[in-house]
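Every letter in the sequence shown is one number past the one before it in full-length UniProt numbering, and letter 82, counting from 1, is 82.
The structure appears below as structure tokens.
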Amino acid sequence: CWSTVSADLAEIGWVCKRRFCAVLLLTCHFSGFTVVSPLKDRKSATVATEMASLFALLGAPALLRTDGGPCFRGRPLAEMLSLRAVKHRVESPYASFSNGLAERAVASVKFLTRQL
Numbered sequence: 001c002w003s004t005v006s007a008d009l010a011e012i013g014w015v016c017k018r019r020f021c022a023v024l025l026l027t028c029h030f031s032g033f034t035v036v037s038p039l040k041d042r043k044s045a046t047v048a049t050e051m052a053s054l055f056a057l058l059g060a061p062a063l064l065r066t067d068g069g070p071c072f073r074g075r076p077l078a079e080m081l082s083l084r085a086v087k088h089r090v091e092s093p094y095a096s097f098s099n100g101l102a103e104r105a106v107a108s109v110k111f112l113t114r115q116l
């Protein structure tokens, strides 16, 4: 079930003044299950650390799909993924439909946080 996962970051503007500046979203392609995790910053090392803890909890997927943003192209994330034998596929960063599942999860999280 957790074999193909899409990842993306969402900035939640009003929360940035508090403890965290962005959220990491991991969405399973089979079930649509989405995990949302707060991040202090958008650095690759921070994303890799948080993703590693989520993989420890939920298991590492066989394939991770991202939009190729700077935090997903860094060495810390690449090393963490190779350590866990996760294949990383970078989708086109300018075509949101190519990683549509993650983009839809971002839209849902932003909608929900506006309601708070």
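From the three backbone atoms N, C-alpha and C, an ideal C-beta is built for every residue, glycine too.
State the Cα-Cα distance for the pair residue i and residue j, rounded to the nearest angstrom.
i            : j            : result
alanine 10   : leucine 26   : 11 angstroms
histidine 29 : threonine 49 : 22 angstroms
alanine 56   : arginine 19  : 24 angstroms
glycine 68   : leucine 39   : 18 angstroms
arginine 65  : serine 6     : 5 angstroms
According to DSSP, is residue i part of a helix, a strand, or is it coil?
i            : result
proline 61   : coil
alanine 78   : helix
valine 35    : strand
arginine 73  : helix
glutamate 91 : coil
Please classify residue i as buried or exposed, where buried requires at least 16 neighbouring CB atoms within 10 angstroms.
i           : result
leucine 77  : buried
serine 44   : buried
arginine 89 : exposed
arginine 75 : exposed
Am I right that residue i and residue j are in contact with their C-beta atoms under 8 angstroms? What's the rounded C-beta distance?
i          : j         : result
proline 70 : valine 86 : About 19 angstroms separates the two Cβ atoms, so there is no contact after all.
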